[in-house]
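Asker:
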Amino acid sequence: MNNFEPNLVGFLCNWCSYAGADSAGSRKLQYPAAFKAVRVMCSGRVDPQMILKAFAEGADGVTIFGCHPGDCHYKEGNRKAESRETLLRQVLPDLGIEPERLRLEWISASEGSRFVEVVEEFYQDIKAMGPLKKRATA
Ligand code: FES
């Protein structure tokens with residue numbers, strides 16, 4: 000049996016994803032306690048340095064949550080997040096981090112159930128991968 004408990008960090012945009020997570024909480028939907036939410040105004044605000052710092056300081060997996068395409072309150076913030084995520088996933092192996100440890104998801108304010116599903120799925124995926132052995136330097 001795998002006793003590993005992953006540390007997960009999620010950056011949630013304030014306007015859609017955080018509201019979605021909040022609605023999950025209001026409905027008492029459960030998700031793994033290992034998940035730590037960081038509220039940001041927009042997914043486009045998540046600098047790659049923030050992600051690398053999370054990995055360097057103990058995260059085994061990091062997810063960026065943003066509004067669905069077309070719904071970003073800052074117009075193109077989620078598209079910027081998507082571009083950064085794509086680039087960062089290409090660099091992560093050079094830092095000893097499997098790209099699967101970084102994920103980007105769109106969650107609206109009404110998708111509390113979807114939010115819980117994504118966190119649970121990510122938790123199981125990272126649990127199966129095991130702990131991040133090599134730490135990135137931020
Ligand atoms: S405000 Fe949600 S992704 Fe930009």
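Residue numbers (numbering that gives the first Met the number 0): 0 to 137. Here a beta-carbon is modelled for each residue, glycine too, at the ideal position from N, C-alpha and C.
Alpha carbon to alpha carbon, how far is LEU94 from ARG113? Give it in angstroms, no decimals.
Answerer: Position 114 of the sequence shown, counting from 1, holds the residue named residue 113. Position 95 of the sequence shown, counting from 1, holds the residue named residue 94. Approximately 31 Å between the Cα atoms of the pair.
Asker: Going by the beta-carbon positions, is the gap between GLU116 and GLY19 smaller than 8 Å?
Answerer: As a working note, residue 116 is residue 117 in the sequence shown. As a working note, residue 19 is residue 20 in the sequence shown. No.
Asker: Quick check: the Cα distance between ALA33 and PRO47, rounded to an integer number of angstroms?
Answerer: The sequence position of residue 33 within the sequence shown is 34, counting from 1. The sequence position of residue 47 within the sequence shown is 48, counting from 1. Roughly 22 Å separates the two Cα atoms.
Asker: Using the rule of at least 16 other Cβ atoms within 10 Å of the residue's Cβ for burial, across every protein chain shown, is ALA53 buried or exposed?
Answerer: Numbered from its first residue, the sequence shown carries residue 53 at position 54. It is buried - the Cβ of ALA53 has at least 16 other Cβ atoms within 10 Å.
Asker: Does the distance between the C-beta of GLY111 and the nearest non-hydrogen atom of ligand 3 fall short of 7 Å?
Answerer: As far as ligands go, the structure on display features ligand 1 and does not contain ligand 3.
Asker: In the stretch 16-63, which residue ranges form an unbroken beta strand (DSSP E) of at least 3 residues, counting only runs that do not cross its ends?
Answerer: Complete beta strand (DSSP E) runs here, min 3: 34-39.
Asker: Distance, Cα to Cα, ARG100 vs VAL61?
Answerer: Within the sequence shown, the letter at position 101 stands for residue 100. Within the sequence shown, the letter at position 62 stands for residue 61. So the two alpha carbons sit approximately 6 Å from each other.
Asker: Considering only the beta carbon of each residue, do LEU7 and ASP59 sit closer than 8 Å?
Answerer: Reading the sequence shown from its first residue, position 8 is the one you call residue 7. Reading the sequence shown from its first residue, position 60 is the one you call residue 59. Cβ distance < 8 Å, so LEU7 and ASP59 count as in contact.
Asker: So for LEU11, helix, strand or coil by DSSP?
Answerer: Locating residue 11 in the sequence shown gives position 12, counting from the first residue. Looking at LEU11 - three-state DSSP - the assignment turns out to be strand.
Asker: Using the Cα positions of SER82 and SER22, report the straight-line distance between them to the nearest angstrom.
Answerer: For the purposes of this step, residue 82 is identified with residue 83 of the sequence shown, where counting begins at 1. For the purposes of this step, residue 22 is identified with residue 23 of the sequence shown, where counting begins at 1. Going by the C-alpha atoms only, they are around 28 Å apart.
Asker: Can you grab the Cα-Cα spacing for the pair ALA135 / PRO98, in whole Å?
Answerer: The residue labelled residue 135 in the question sits at position 136 within the sequence shown. The residue labelled residue 98 in the question sits at position 99 within the sequence shown. Low confidence applies here, because ALA135 scores a pLDDT of 49, under 50, leaving its location unreliable; read the following figure in that light. Straight-line Cα distance between these residues: approximately 13 Å.
Asker: Mapping the DSSP letters down to three states, classify LEU91 as helix, strand or coil.
Answerer: On the sequence shown, residue 91 is found 92 positions in, with the first residue counted as 1. Of the three classes helix, strand and coil, the one that applies to LEU91 here is helix, per DSSP.
Asker: Excluding the 5 residues flanking VAL45 on each side, which residues of the same chain have their C-beta closer than 7 Å to its C-beta?
Answerer: Counted from its first residue, the sequence shown places residue 45 at position 46. PHE10, VAL39, ILE63, ALA80.
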